[in-house]
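Q:
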Amino acid sequence: MSVKGLFEIVGIEEPSEFTYFENLADLLETDEYIEESDLEELLRSIDKDVLSELLSNYFDEFQKMIPEEETDFFVTVDTISKNLLGSVSELAKGGDPQDTARAISVFRKWYLRQDNVFDLDTGEELSVRDALFNLRADKLTGSQHNYNFGTALEYEADSYSLLVDELVQTEFNSGSDHEQGTDMGYVPDNPYSGLSEDEIIEILDEKEENTTDN
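Numbered per the working numbering, the sequence shown spans residues -17 to 196.
#1: Verify whether the separation of the beta carbon atoms of E35 and A83 is less than 9 Å.
#2: Just tell me which of V88, L21, D54, E51 has its CA closest to the CA of N65.
#3: Are V(-8) and D13 touching if we call contact CB-CB under 9 Å?
#4: Leaving out the 5 sequence neighbours to the left and right, which residues in its chain are closer than 7 Å to D20 when beta-carbon positions are compared?
#5: For a test of the three-state rule: what should DSSP assign to Y129, helix, strand or coil?
#6: Could you check the C-alpha separation between F55 and I62 for me, to the nearest Å?
#7: With a floor of 4 residues, list each alpha helix (DSSP H) that falls wholly inside the segment 26 to 61, ordered by position along the chain.
#8: Going by the CB atoms, is the gap between N128 and D103 shorter than 9 Å?
#9: Between the C-alpha atoms of K91 and G124, what's the straight-line distance to the nearest angstrom?
#10: Tell me the rounded alpha-carbon separation between I86 and L10.
#11: Can you give me the C-alpha to C-alpha distance between P173 and E52, rounded to a whole angstrom?
#12: Assuming contact is defined by CB atoms lying nearer than 9 Å, are R41 and D29 in contact in what I supplied?
#13: Give the straight-line distance between the Cα atoms of V99 and F131, rounded to the nearest whole angstrom.
#14: Per DSSP, E(-1) is paired with what?
#15: Of the residues S109, Y15, E(-10), which one's Cα is nearest the Cα of L135?
#16: Starting from the C-beta of P49, find all residues in its chain whose C-beta is less than 8 Å away, skip the five residues before and the five after it, and write them out in chain order.
#17: Using DSSP bridges, identify the partner residues of E107.
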C-alpha cells in the first residue's frame, strides 16, 4: 500500500480533509494492512488537535458499547484511550510521528485480532471490533449477544504492558478513597467492581489529574 492507498481507505484526497469521525473509524477498523511508514506520513500532515478530538469521541462511543458487567474491560479500554491520546499530545508538541504510528498499529492489531472475544452462546471467537459492532446493532434490533472479553484484557505496547488484573490489584493495594460497591457484583480485589461507568471514569480522571499535579 502507498500513502495514496491509505488516503483512499480513510476517504480523503488530501490531509486537510481528515476531519470526520468516519475518517478515523475507517483508519482504525479497516482489515487492510497499513504500513507504519504510510501511517507516519498521514500523521505528519493531519491536524493533531482534530485527531485528538476524533480519538476522544471514538473512544467515548467505544465505551458506551461495553456491557456494564465488563468493568475490567472498561478500565482496559480507558487506559488504552489515554495512552493513544497522550501519544497524539506528544506528537502535537513536536514528538516523533513514528511513536504515534506504532501506538495506533498496536491498537489495530489488538482491535482486529480474531480471538480476543468469546461468544458465550455460540462458542465462536471474534475480534473486539466485531463484538462492538454486534453490541451496537443489538441496541437497534433488540437482539442480545453475550461475550467474554477476558482475552482482550491484556494489551501490550513498546512503551508499556498493561494487564488489567495487575492494574486493579495495584489500585486495591494502594487503597482507594472511593467507597466499595456493595451490590452482589462486588469483587473484593477489584475496586472498580460494582461501580457505574461514570463512577469509573471519574476515579480514573481524578487519578490522572493528581499524577499531573505531582
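All residues carry an ideal CB built from backbone N, CA and C; glycine is no exception. These figures come from a predicted structure and were not determined experimentally.
A: Based on what the coordinates show:
#1: no
#2: V88
#3: no
#4: M(-17), S(-16), V(-15), L(-12)
#5: strand
#6: 11 Å
#7: 30 to 46
#8: yes
#9: 30 Å
#10: 8 Å
#11: Low local confidence applies: a pLDDT of 46 at P173 is under 50, so the model's placement there is unreliable, with the coordinate-based value given in what follows. Each residue's Cα considered, the two are about 13 Å apart.
#12: A quick correction: the sequence has Phe, not Arg, at residue 41. No, the pair does not count as a contact, with Cβ atoms beyond the cut-off.
#13: 5 Å
#14: BP columns for E(-1) are empty, so no partner.
#15: S109
#16: L117, Y129
#17: F100
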